[in-house]
Amino acid sequence: MFALGRSERRKGFSKEELEKLASVMAAKIVGNGYTRQELQKGLSSGYQYVDLSYKPEHLYLCGAPSTSKNQLIRRLKINGKLGLIINTSELDMISGAMKQKCGHHDDVFHHESISTDYKIDDQIICAEDPHLALSFTGTPNQLAFFIPSLNNGLYSRFAILTAESRWKYRSTAPIKGKEDYDTFFKKLSGEVLDMFLFLQQSPTEVTLSDSQWEEHTAYFSQLLNEVACEKADAPGSIVLRAALIVARIACRTFVVS
4 MFALGRSERR KGFSKEELEK LASVMAAKIV GNGYTRQELQ KGLSSGYQYV
54 DLSYKPEHLY LCGAPSTSKN QLIRRLKING KLGLIINTSE LDMISGAMKQ
104 KCGHHDDVFH HESISTDYKI DDQIICAEDP HLALSFTGTP NQLAFFIPSL
154 NNGLYSRFAI LTAESRWKYR STAPIKGKED YDTFFKKLSG EVLDMFLFLQ
204 QSPTEVTLSD SQWEEHTAYF SQLLNEVACE KADAPGSIVL RAALIVARIA
254 CRTFVVS
């Protein structure tokens, strides 16, 4: 579908512009019930046609935990270096996608190119430099369902924090003179947004010092030697990727602080 609107140019388009526009748009216009003569007449009198079927690509910083692999790659492609964040308080929400082979994120960990090619899309969807951050919480049983084995490489791509349950009832009643949780977390989210906007306008490169690299290398070399005694490949890959995760956390902590 096309819309007809007045051009900002009072005298319409030049002959060269008219020929270019007519040659590009005539086939589509004719297909929608317009003729070349009507198109030329409208353009020469100062009108222009706008394709209403065009859909702009919107950026979504926070993605949905329940998604398909195809849609995930599409989001990563559109967002580019801005990246995509997926949060969920229930690990089961993302586990469903994993069960359907729609949530494999192995290659994204190293920012490797990922792509899909399905007939329905009529083209290859490729994210050349994907950036994806995943933040989940769940129970031990949910984790075992999400990562059923240490041998598939998915476990080593996550920094997993386990915590013991402390059963103590906390009243949800409002306390006079105290800030409520909604206001408190809105302020925190505002601070995070300010940091995000600042870093978007002022890109920052963080590097470790020579002494920090030496400490990092010494620690993980010793750790790798210890797990190598188990004569299994899986622990070694976990240590190597843990070294990368620690370096990433160090750089991000420096930026935030």
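In terms of my numbering, the sequence shown opens at residue 4 and continues consecutively.
Beta carbons: idealized from backbone N, C-alpha and C, even for Gly.
Computed from a predicted model, the values in this text were never measured in an experiment.
Quick one: what does DSSP say C232 is sitting in, helix, strand or coil? Here C232 carries a coil assignment [DSSP, helix/strand/coil].
Could you tell me the boundaries of the alpha helix (DSSP H) in which S192 lies? 184-204
Looking at C-alpha atoms only, which residue of I81, T70, N82, R77 is the closest neighbour of T91? T70
Go to I88, then tell me how far its beta strand (DSSP E) extends in each direction, as first and last residue. 87-91
Going straight from the alpha carbon of F201 to that of V195, what length do you get? 10 Å
Between the alpha carbons of Y222 and Q215, how many angstroms are there, rounded? 11 Å
If you draw a straight line from the alpha carbon of C292 to that of G156, how long is it in whole angstroms? It is not possible to answer for residue 292, since the shown part of the chain is limited to 4 through 260.
I want to know whether the segment 172-189 touches the segment 122-135 - three or more CB-CB distances under 8 Å. Result no; under three Cβ-Cβ pairs closer than 8 Å.
Going by CA-CA distance only, name the one from T165, K234, W170, C65 that's closest to G141. Ranking the options by Cα distance to G141, first place goes to T165.
Cα separation between G83 and K234? Computed Cα separation, rounded: 40 Å.
With distance defined between alpha-carbon atoms, name the residue in F188, L191, A162 nearest to I252. Proximity to I252 across F188, L191, A162 peaks at A162, based on C-alpha coordinates.
Minimum C-alpha distance to R244 - residue among L153, E208, S174: L153
Any chance you could list the beta strand (DSSP E) runs of at least 3 consecutive residues sitting entirely within the segment 126-194, in chain order? Here the runs fully enclosed are 126-130, 135-139.
Buried or exposed: where does F139 fall if 16 or more other Cβ atoms within 10 Å of its Cβ makes it buried? buried
From D110 to R160, what distance separates their C-alpha atoms? 10 Å
Can you give the Cα-Cα distance for L227 and D213, rounded to whole angstroms? 21 Å
Leaving aside the five residues before and after D95 along the sequence, list all residues of the same chain whose C-beta is less than 6 Å from its C-beta, in chain order. Q145
Distance, Cα to Cα, R173 vs Y184? R173 and Y184 have their alpha carbons spaced roughly 13 Å apart.
Quick check on D124: does DSSP put it in helix, strand or coil? coil
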